[in-house]
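**Student:** Handing you this structure, nothing more for now.
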Amino acid sequence: MSTEAVNDRQNDVVVRIDGLHKSFGQLEVVRGVDLEVRRGEVVVIFGRSGSGKSTVLRCVNFIEDPTKGSIEVAGIRLAGGHRTRRKQDQIRRLRLHVGMVFQQFNLFPNMSVLENVTCAARCANRGTDAQITQRGKDLLDRVGLAEKSSEHPIRLSGGQQQRVAIARALCMEPDVMLFDEPTSALDPELTGEVLSVMRTLSTELHMTMMIVTHEMGFAREVADRMAFFHQGRILEEAPPSELIGSPRHPETRAFLDAVL
Amino acid sequence: MSDAWERVQLASANVPFRLKTGVVWVVLFLLLAFVGNAAGFDLPWIRDNFRYILGGLRYTMFIAICGIVLAVVMALLGALARISRNPVAYGVAGFYVSFFRGTPLIVQMFLLYLALPPVGRNLMASYAWLPEGFDEAFVLDAATAGILALGLNYGAYMTEIFRAGIQSVAGGQGEAADALGMTYGQKMRKVVLPQALRVIIPPTGNEFIAMMKDTALVSFLGVTVASAEVFRRSQLVGKADFKNLEAYVAAALVYWGLTVAFTVFQTRLERRIGRGYDRAHVARAMRVQANQASHTVRAEP
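These protein sequence lines are chains A and W, in that order. Using my numbering, the letters of the first sequence map in sequence onto residues 176 to 435. Using my numbering, the letters of the second sequence map in sequence onto residues 2 to 302.
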């Protein structure tokens, strides 16, 4: 492969959000968001609660249906609207390219840790049983929980549960990982272990990531780009040094002053 | 209040509560025995006929088990339809639940047993193109009609139990399954239903206990003597010997014993299902593990 081709692949866009609007009844939560995430890029989304940042993330894999605008992931472009059988299938195929980590972990309590990690891959026929089990074990090893594979999630701490949730999403070999406030439900002393796993995803796997978080220190360290959400729009978008160092909007400055 | 009464109360406070309730039960039984004896209760007759009445248990259980299996299937389908956005499924399920909850079980039994055959006959007479034997499909024997009515009726009630159970599974669970690209069927089978089962099983057990008793209604459809269930048998022998008191007491005891036995079984089952979710149990298991770990550490030189 020529250098240009490699460059091209590295620059290609994994997620393209185009004119996204989302309303819940009368309430318009997202009012026109455009965002592109390139392969290997880490984009941190931050802002006040209610600014629409989580909603945008949930629209990317159609946990919420966009009211207006479109989402493109790994070349699959979809808009909101009524879910016909065909649309449902397209959404499912799009989701196979997207991994998601939730604030509340949402591990399946009826399965062991290893089953949690591997069940979706099995459902989607991603290789033989042995291959999938091996991949699950490798991933648990990567998040430092290899010895917990036969435990049930309820016996793990919050930080451990969230690391399992990350392994579970990775097992589908997604093109992009979405993190919806992954450390907000954790005790302060447990956030570190989750953040360090996320850090290695970026440095070792060059995983494309969209992260909604209030951890500004972590954001400054791993983000290639940060987007400040305000009232359903991206008010400001820049590399962290620029955005945290010298924010252009007074709103951004006020928020950063409050959280830093 | 007199001093003597207070002394009784204080003395009673030291007797365990369970012992006291036990004594109450014994007294009640003795009272019943006394009344029965005074009424000329014919114990030898019961001894002679109890085996025959008890023999009806296998038919009672057969009807109840078939009925509950059908009810569970209907309830699962009904519940999935009630939570779906498909108007046909939702409408059909709504009609089903409304009709079978809105009419008496005994009416439903007679509808299936006596009102269906003329439907078959009349259809056969009106439409010549219907295949041979079409009308016979509408003629059900008493046990089949009874099982169908019980299953459909209880299924309608249990639809709500199943729906509530499925909806009790946290919303995040379904979202997580969706986000992992699972299909609807995979999500339900692997994630939602196993968790809903924990909520569904206890009330389903109650429905089963209620159904075991409602099997007695099948006898009104007129079951042949050879394959009669408990109530029908006691009716037959009681009428023949003019021993109604003894016969129905015997039937009542059989049903009572059955439900008591099943209640004990159900309590055990519930305790087992709760295990994976019970934090106390988990904590206990972790303590055991920690003890083992500390032992191994100490055992090492």
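Glycine included, every Cβ here is placed at the ideal spot set by N, Cα and C. None of the values given here were measured: they were computed from a predicted structure.
Return the chain-ordered list of same chain residues with a C-beta closer than 8 Å to the C-beta of residue 270/W, the five sequence neighbours on each side being excluded.
**Tutor:** In the second sequence, counting from the first residue as 1, residue 270/W sits at position 269. Excluding sequence neighbours, residue 270/W sits near 202 and 206.
**Student:** Output, in sequence order along the chain, the residues in the region 190 to 207 of chain W whose CB is closer than 7 Å to any CB in chain A.
**Tutor:** Answer in chain order: 191, 192, 195 and 196.
**Student:** Please name the residues in the region 398 to 426 of chain A whose beta-carbon is closer than 9 Å to at least one beta-carbon of chain W, in chain order.
**Tutor:** The region 398 to 426 of chain A vs chain W, Cβ under 9 Å: nothing.
**Student:** Give me the Cβ distance between residue 212/A and residue 397/A, rounded to the nearest whole Å; I'm assuming they're in contact under 8 Å.
**Tutor:** For the purposes of this step, residue 212/A is taken as residue 37 along the first sequence, with counting starting at 1. For the purposes of this step, residue 397/A is taken as residue 222 along the first sequence, with counting starting at 1. 14 Å between Cβ atoms; not a contact.
**Student:** Is there a Cβ of chain W sitting closer than 8 Å to that of residue 283/A, yes or no?
**Tutor:** Counted from its first residue, the first sequence places residue 283/A at position 108. It does: the Cβ of residue 283/A has a partner Cβ on chain W nearer than 8 Å.
**Student:** Taking a Cβ distance cut-off of 8 Å, strictly less, list which residues of the region 86 to 108 of chain W are near chain A, in chain order.
**Tutor:** From the region 86 to 108 of chain W, no residue has a Cβ closer than 8 Å to chain A.
**Student:** I need the boundaries of the beta strand (DSSP E) containing residue 387/A, first residue and last residue.
**Tutor:** Indexing the first sequence from 1 puts residue 387/A at position 212. That run of the beta strand (DSSP E) goes 383 to 387.
**Student:** Indicate whether at least one CB of chain W lies closer than 8 Å to the CB of residue 271/A.
**Tutor:** Position 96 of the first sequence holds residue 271/A. Yes - at least one Cβ of chain W is within 8 Å of the one on residue 271/A.
**Student:** Spatial neighbours of residue 6/W within its chain, please: CB distance less than 8 Å, with the 5 preceding and 5 following residues excluded, ordered by chain position.
**Tutor:** In the second sequence, the residue the question calls residue 6/W occupies position 5. Counting only Cβ-Cβ distances below 8 Å, and skipping sequence neighbours, we find nothing.
**Student:** Please compile the residues from chain W whose C-beta is within a distance smaller than 7 Å of the C-beta of residue 279/A.
**Tutor:** Here residue 279/A is taken as the residue at index 104 of the first sequence, counted from 1. Correct list: 173.
**Student:** Check the DSSP bridge columns for residue 269/A and list the partner residues they point to.
**Tutor:** Start at 1 with the first residue of the first sequence, and residue 269/A comes out as number 94. Per DSSP, none; premise fails for residue 269/A.
**Student:** For residue 362/A versus residue 333/A, is the C-beta spacing smaller than 8 Å?
**Tutor:** One-based indexing of the first sequence puts residue 362/A at position 187. One-based indexing of the first sequence puts residue 333/A at position 158. Yes, they are a contact pair.
**Student:** Check the Cβ of residue 295/A against every Cβ in chain W and list those closer than 7 Å, keeping chain order.
**Tutor:** Sequence index remark: in the first sequence, residue 295/A carries index 120 (1-based). The contacting residues are 181, 182 and 183.
**Student:** Going by the CB atoms, is the gap between residue 354/A and residue 386/A shorter than 8 Å?
**Tutor:** The residue given as residue 386/A occupies position 211 in the first sequence. The residue given as residue 354/A occupies position 179 in the first sequence. Yes, these two residues count as a Cβ contact at 8 Å.
**Student:** With a threshold of 8 Å, are at least 3 pairs of Cβ atoms found where one atom belongs to the region 264 to 273 of chain A and the other to the region 316 to 334 of chain A?
**Tutor:** No: the two stretches stay apart, fewer than three of their Cβ pairs being nearer than 8 Å.
**Student:** List the residues of chain W whose Cβ lies closer than 9 Å to the Cβ of residue 238/A, in chain order.
**Tutor:** Here the question's residue 238/A lines up with position 63 in the first sequence. Residues of chain W passing the Cβ test: 176, 179 and 180.
**Student:** Hey, is the region 110 to 128 of chain W in contact with the region 61 to 71 of chain W, meaning 3+ C-beta pairs nearer than 8 Å?
**Tutor:** Flag = no, the region 110 to 128 of chain W and the region 61 to 71 of chain W do not touch.
**Student:** Report the rounded CA-to-CA distance for residue 247/A versus residue 153/W, giving the unit in angstroms.
**Tutor:** As a working mapping, residue 247/A is identified with position 72 in the first sequence. As a working mapping, residue 153/W is identified with position 152 in the second sequence. Each residue's Cα considered, the two are about 48 Å apart.
**Student:** Would you mind reading off the limits of the beta strand (DSSP E) that contains residue 40/W?
**Tutor:** Mapped onto the second sequence, residue 40/W falls at position 39. Counting along the chain, residue 40/W falls outside any beta strand (DSSP E), and DSSP gives it neither H nor E.
**Student:** Throw me the rounded Cβ distance for the residue 335/A and residue 320/A pair, which I believe falls under 8 Å.
**Tutor:** What you label residue 335/A is simply residue 160 of the first sequence in a count that begins at 1. What you label residue 320/A is simply residue 145 of the first sequence in a count that begins at 1. Indeed they touch by this definition, with Cβ atoms about 6 Å apart.
**Student:** I want to verify the contact list: residues of chain W whose CB lies under 9 Å from the CB of residue 267/A, in sequence order.
**Tutor:** As a position in the first sequence, residue 267/A is number 92, starting the count at 1. What residue 267/A touches in chain W: 179, 182, 183 and 184.
**Student:** Return the CA-CA distance between residue 341/A and residue 281/A, expressed in angstroms with no decimal places.
**Tutor:** Along the first sequence, one-based indexing puts residue 341/A at 166. Along the first sequence, one-based indexing puts residue 281/A at 106. Roughly 11 Å separates the two Cα atoms.
**Student:** What do you get for residue 83/W, buried or exposed, if any count of 16 or more other CB atoms within 10 angstroms of its CB means buried?
**Tutor:** Position 82 of the second sequence holds residue 83/W. Its Cβ being crowded by 16 or more others within 10 Å, residue 83/W is buried.
**Student:** For residue 38/W, count neighbouring Cβ atoms within 10 angstroms of its own Cβ and tell me buried if that reaches 16, exposed if not.
**Tutor:** Mapped onto the second sequence, residue 38/W falls at position 37. With fewer than 16 Cβ atoms within 10 Å of its Cβ, residue 38/W is classed as exposed.
**Student:** If we ignore side chains and look at the alpha-carbon of each, how far apart do residue 13/W and residue 3/W end up?
**Tutor:** Here residue 13/W refers to the residue found at position 12 when the second sequence is read from its first residue. Here residue 3/W refers to the residue found at position 2 when the second sequence is read from its first residue. Each residue's alpha carbon lies about 16 Å from the other.
**Student:** Could you confirm whether any beta carbon from chain W is found closer than 8 Å to the beta carbon of residue 298/A?
**Tutor:** As a working note, residue 298/A is residue 123 in the first sequence. Closer than 8 Å to some Cβ of chain W, the Cβ of residue 298/A qualifies, so yes.
**Student:** By the criterion of Cβ-Cβ separation under 7 Å, what are the contact partners of residue 187/W in chain A?
**Tutor:** Your numbering for residue 187/W matches position 186 in the second sequence. Correct list: 298.
**Student:** Per DSSP, what kind of secondary structure is residue 273/W in: helix, strand or coil?
**Tutor:** Residue 273/W sits at position 272 when you count from the first residue of the second sequence. If DSSP states are grouped into helix, strand and coil, residue 273/W belongs with the helices.
**Student:** Check the Cβ-Cβ distances between residue 275/A and every residue of chain W, and say whether any is below 8 Å.
**Tutor:** Reading the first sequence from its first residue, position 100 is the one you call residue 275/A. Judged by the 8 Å Cβ criterion, residue 275/A is in contact with chain W.
**Student:** Identify the continuous beta strand (DSSP E) that holds residue 401/A and give its terminal residues.
**Tutor:** By one-based count along the first sequence, residue 401/A stands at place 226. 400 to 405 is the extent of the beta strand (DSSP E) around residue 401/A.
**Student:** Against residue 347/A, what residues of chain W qualify as contacts under a CB-to-CB distance less than 8 Å, listed in chain order?
**Tutor:** Within the first sequence, the letter at position 172 stands for residue 347/A. Result: 181 and 182.
**Student:** Would you check if the distance between the CB atom of residue 403/A and the CB atom of residue 256/A is smaller than 8 Å?
**Tutor:** Position 228 of the first sequence, counting from 1, holds the residue named residue 403/A. Position 81 of the first sequence, counting from 1, holds the residue named residue 256/A. Not in contact: residue 403/A and residue 256/A (Cβ atoms no closer than 8 Å).
**Student:** Going by DSSP in three states, residue 64/W sits in which element: helix, strand or coil?
**Tutor:** Position 63 of the second sequence holds residue 64/W. Three-state DSSP puts residue 64/W in a helix.
**Student:** Looking at C-alpha atoms only, which residue of 262/W, 80/W and 243/W is the closest neighbour of residue 163/W?
**Tutor:** For the purposes of this step, residue 163/W is taken as residue 162 along the second sequence, with counting starting at 1. For residue 163/W, the nearest C-alpha among the options comes from 80/W.
**Student:** If you measure between the beta carbons of residue 103/W and residue 234/W, is that distance less than 8 Å?
**Tutor:** Indexing the second sequence from 1 puts residue 103/W at position 102. Indexing the second sequence from 1 puts residue 234/W at position 233. It is not a contact, given that the beta carbons lie outside the stated cut-off.
**Student:** Smallest Cα separation from residue 289/A: which of 308/A, 300/A, 419/A and 394/A?
**Tutor:** Counting from one through the first sequence, the residue named residue 289/A turns up at place 114. Nearest option by C-alpha distance: 308/A.
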